[in-house]
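As structure tokens, the structure follows; a few thoughts come after it.
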Amino acid sequence: MNYLYMFKLLHLFAVCALGHENKRLLLNDPDVLVARLSNLEQQNQLLTQLVNQINATCRAENADLQAKYLDLVSKMAQTESHLQHHDQQITASKVGMHACNDFKPFLLTDHGSTYVRWGRTQCEGTHTELVYTGYAAGQRYVHVTYSSRFGGPADTLCLPKDPELSNISTTSGWSSLYGTEYDVNGFAQDSVNNDAPCAVCRNIHASSSIVIPGRHSCYSNWIKRIRWYSC
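Residue numbers for the sequence shown, in mature numbering (1 follows the signal peptide of the UniProt record, and there is no 0): -19 to -1, 1 to 212.
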């Protein structure tokens, strides 16, 4: 039994030793080395191609980023130019607003259109102000014979209540103004034999005013300022 056991151990040792020797021979085989070198070259080529692809991608992305950066710089310059232009416009607008504010009193007080309200002492309507009140006057209402009194007004006048006399004397002739009074009470209660008042008014938003006889409405592009007759 001991001899058989020793024989089996020797056989196992021989097999293991023989296998180990074969393994060392395979590692030192030139074909194996050539195969491994070929594999390393292929991997090196693959890595080189990958690096080249990465470099090409980086160069393309870098060029794209540079182009975007230059475009952004150009847009920022344009935006800054537009902002400067807008600032100039805002400054000019502020100057214009100040100028308008400076001229606003002038526009409100020195412009407009005037008209006369007969038989009234006040003005009506929006944006309208009273200039003065007075009394209606004109030519004598009947024809009389006087050869030296010419030059009376063709239209009825609204005379102010505080006239300024010229104190100029003349002997060549003169003309007379006659006041207007009511003969009946049709216009107002207890108005008979009373002087007819008048009011000179001004609309600060109107450029011109006219009175259209025979109509109670205005023509196109005209706005009625007084009921019944003034446009």
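Positions of the beta carbon are idealized from the N, C-alpha and C atoms, including for glycine. Please read all numbers here as calculations on a predicted model, not as lab measurements.
- A contact between stretches requires three or more CB pairs, one per stretch, nearer than 8 Å, and the stretch 90 to 101 meets this requirement with the stretch 170 to 190.
- In the structure shown, GLU61 falls within a helical segment according to DSSP collapsed to helix, strand and coil.
- Assigned with DSSP and collapsed to three states, GLU105 falls in coil, not helix or strand.
- In this structure the stretch 166 to 175 does not touch the stretch 189 to 203; the number of beta carbon pairs closer than 8 Å is below three.
- Look at VAL165 here: in three-state DSSP terms it is coil, with no helix or strand label.
- Using a Cβ distance threshold of 7 Å, SER94 and SER188 count as a contacting pair.
- Taken through DSSP and simplified to helix, strand or coil, ASP52 comes out as helix.
- Spatial neighbours of GLY119 in its own chain (CB-CB distance under 8 Å, excluding positions within 5 residues in sequence) are listed in chain order as GLY133, PRO134, ASP136, THR137, LEU138, LEU158, TYR159 and THR161.
- Going by DSSP, PRO194 is part of no beta strand (DSSP E) at all; its letter is neither H nor E.
- In terms of Cα proximity to LEU140, the closest of LEU51, THR114 and THR29 is THR114.
- Between TYR96 and CYS199, the gap from beta carbon to beta carbon reaches 7 Å or more.
- With 16 or more other Cβ atoms from the protein chains shown falling within 10 Å of its own Cβ, SER190 counts as buried.
- Secondary structure of ASP10 (DSSP, three-state): coil.
- Rounded to the nearest angstrom, the gap between the Cα atoms of HIS66 and THR60 is 10 Å.
- DSSP places ASN184 within a strand segment (E or B) once states are collapsed to three.
- Bounds of the beta strand (DSSP E) holding CYS139 are 138 to 141.
- Residue burial is scored here from C-beta neighbours: CYS104 has at least 16 other C-beta atoms within 10 angstroms and is therefore classed as buried.
- Per DSSP, reduced to three states, the secondary structure at LEU27 is helical.
- Closest in C-alpha terms to ASN184, from the list THR109, ILE71 and SER74, comes THR109.
- In the assembly as shown, ALA48 is an exposed residue. Its beta-carbon has fewer than 16 other beta-carbons within 10 Å.
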